[in-house]
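As numbered in full-length UniProt numbering, the sequence shown has no gaps in its residue numbers, which increase by one up to the final residue, 367. Remarks on the structure that follows.
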Amino acid sequence: MPNTPANDRFLRALRREPVDRTPVWLMRQAGRYLPEYRETRKRAGSFLAMAKNPEIACEVTLQPLARFDLDAAILFSDILTIPDAMGLELYFVEGEGPKFRHPVRDAAAIARLGVPDMETDLRYVMDAVRTIRRELDGKVPLIGFSGSPWTLACYMVEGGGSKDFARIKAMALNDPKALHALLSVNTDAVIAYLSAQRAAGAQALQVFDTWGGVLSPAMYREFSLPYLTRIAGELARGEGAERTRHVGEADARTPLILFGKGNATHLEALAASGADGVGVDWLVELGEAARRTQGKVALQGNLDPATLYGSPEAIRSEVRRALDSYRDGNGGSRDGHVFNLGHGMSPDMDPAHVAVLVDEVHAYSAR
Ligand code: CP3
């Protein structure tokens, strides 16, 4: 299977190479805002049933690509597959989001955790990657992903979503050794998981540090950043699994994007982490992010997802503003920018507005 897709804008932008237009994909581009997704979900029964069935995961991964001129596909799965495979038992309560049957709340529970086996416990994920690569047939690259060690730990300790992160912050203050043990096993699991997805055919990898931004800068530097840096370093060295290469891939390493909500304080550190790209939310100007990272990494982002509630004209104007902000901070060049939202899409968004966004990115950035 040749590894350079017909449309390689996204991979070129991550290497900061020149492209004909700025590539664009959207976090949560597959999901409930699409009627065809809701149809498939009805047939499958639940989100987890969809994610655990490689054919169905493949079908919903491809749904947004059939509608929109997107430059990358992202594996349909979830970040919580790792703790589920560690034995915490993931389930969803309608309207309440993800939950764990067995949260980990103390050092003893943490000591019992181990890295799941990627080709048995998480085989359904690797099978989905292989199936999607085959069905994509080289049209656009496939992104694999994982949660960050800190973000996974938030769900594992809280037992689900949280507003104040009281339990995990109490652990950070009262038993930092236990929390570091948890982050350490999570990091081993994330490296093995991303390496296995790469071996199965993922052509780029993204780590979602969705909750890094709830930490004070000092706590972020203690509990999130070092683990992100370890992931970037070990993936670049090919650790976590044998460094399986696809035919024709020997020349290019699989790029890694570190996405974080509220990560603007740490842009310089993230640019020095060894990652190829850094994903930012809408609380920072792309131009400022570009100036501060000095071309060391590609940048991904960063429209407020709520922009999609605006009129087509308002969406076009916000797209142009973000593209120009990046260019102005990047010495007049649009190279090294992957267009995205600053966080995931919501179920009540209008698919017609997504088309407006995607088409405007390509039209306005054409060069
Ligand atoms: O981007 C994509 O299209 C790829 C698929 C993807 C999903 N989840 C599918 C999904 C990705 C990359 C994720 C990551 C994820 N999951 C994160 C990190 C990114 C982020 O959004 O911050 C987090 C924190 C989770 C945990 C999680 N899973 C939440 C908070 C929810 C939403 C629960 C709800 O009630 O809406 C999920 C479920 C989930 N994961 C859905 C999808 C499409 C909704 C599924 C459904 O109800 O049909």
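Glycine residues also receive a C-beta, built at the ideal position from the N, C-alpha and C atoms.
Output the residue ranges of the alpha helix (DSSP H) runs that lie fully inside the segment 260 to 285 and measure 4 residues or longer, sorted by chain position. Entirely contained in the segment 260 to 285, the alpha helix (DSSP H) runs reaching 4 residues are, in chain order, 267 to 271.
Should R101 go down as buried or exposed, given a rule of 16 or more other Cβ atoms within 10 Å for buried? exposed
Are there three or more Cβ pairs, one per stretch, closer than 8 Å when the segment 153 to 162 is compared with the segment 119 to 134? no
Assuming the contact rule is C-beta atoms closer than 8 Å, A289 and L267 should be a hit. Round their C-beta distance to whole Å, please. A Cβ-Cβ distance of about 6 Å is found for the pair A289 and L267, placing them in contact under the 8 Å criterion.
8 Å Cβ shell around F165 - same chain, five flanking residues per side excluded: Excluding residues within five positions, the ones whose Cβ falls inside 8 Å are C154, E158, W211 and V214.
How long is the line joining the alpha carbons of G147 and K177, rounded to whole angstroms? 21 Å
Tell me the DSSP bridge mates of F339? Per DSSP, V24 and G301.
Rounded to whole angstroms, what is the Cα-Cα separation between F339 and P149? 25 Å
Could you check what DSSP says for K177 in three-state terms: helix, strand or coil? helix
Any heavy atom of ligand 1 closer than 7 Å to the Cβ of L88? no
What did DSSP end up calling P312 once you bin it into helix, strand or coil? In the three-state reduction of the DSSP assignment, P312 falls in the helix class, which pools H, G and I.
By DSSP, does R213 sit in helix, in strand, or in coil? A small fix is needed here, since residue 213 is Gly in this sequence, not Arg. The answer is helix: DSSP assigns G213 an H, G or I state.
Suppose you measure from the CA of V354 to the CA of A111; what does that come to, to the nearest Å? 45 Å
Cα-Cα, which of G295, K261 and L283 is closest to residue 376? Because the chain in this structure spans residues 1 to 367, residue 376 falls outside the shown range and cannot be described.
Ligand 1 and F76: does the residue's C-beta get closer than 7 Å to at least one heavy atom of that ligand? Yes; taking the cut-off as 7 Å, the Cβ of F76 has a heavy atom of ligand 1 nearer than that.
Using a 10 Å radius around the Cβ and a threshold of 16 neighbouring Cβ atoms, would you call V361 buried or exposed? buried
In the segment 33 to 121, which residue ranges form an unbroken beta strand (DSSP E) of at least 3 residues, counting only runs that do not cross its ends? 90 to 93 and 97 to 100
8 Å Cβ cutoff met for F145 and L88: Not a contact, by the Cβ cut-off of 8 Å.
Quick one, which of L65, A322 and V280 has its alpha-carbon nearest L258's? V280
Helix, strand or coil at S184 according to DSSP, with G and I counted as helix: helix
Beta-carbon proximity list for T265, same chain, < 6 Å, skipping 5 on both sides: P217
Just the C-alpha distance for T131 and I56, rounded to the nearest angstrom, thanks. 10 Å
From D350, G344, R327 and D359, residue whose alpha carbon lies closest to that of P18: Checking every option, the nearest Cα to that of P18 belongs to R327.
At the level of alpha carbons, what is the spacing between G287 and P255? 22 Å
Just checking Q300 against ligand 1 - is the residue's beta carbon closer than 7 Å to any of the ligand's heavy atoms? Not so, every heavy atom of ligand 1 lies at least 7 Å from the Cβ.
Do L205 and ligand 1 come close, with the Cβ less than 7 Å from some heavy atom? no
E242 versus P116: straight-line alpha-carbon distance, rounded: Note that E242 has pLDDT 46, beneath the 50 cutoff, so the model's placement of it is unreliable and the number below is only indicative. Roughly 16 Å separates the two Cα atoms.
I want to check one thing, is the minimum distance from the CB of P35 to the heavy atoms of ligand 1 below 7 Å? no
Would you check if the distance between the CB atom of T22 and the CB atom of R334 is smaller than 8 Å? yes
Per DSSP, Q206 is paired with what? BP columns for Q206 point to F145 and I257.
Cβ of R32 within 7 Å of any heavy atom in ligand 1? yes
Counting only beta-carbon atoms, is G295 nearer than 8 Å to chain C? Any reference to chain C falls outside this structure, which holds one protein chain only.
Give a single yes or no on whether R230 has its beta carbon closer than 7 Å to a heavy atom of ligand 1. Distances from the CB of R230 to the heavy atoms of ligand 1 are all 7 Å or more.
So which of Y364, L183, L142 and L48 has the shortest CA-CA distance to V93? The residue among Y364, L183, L142 and L48 with its C-alpha nearest the C-alpha of V93 is L48.
Around the Cβ of L26, are there at least 16 other Cβ atoms within 10 angstroms (buried) or fewer (exposed)? buried
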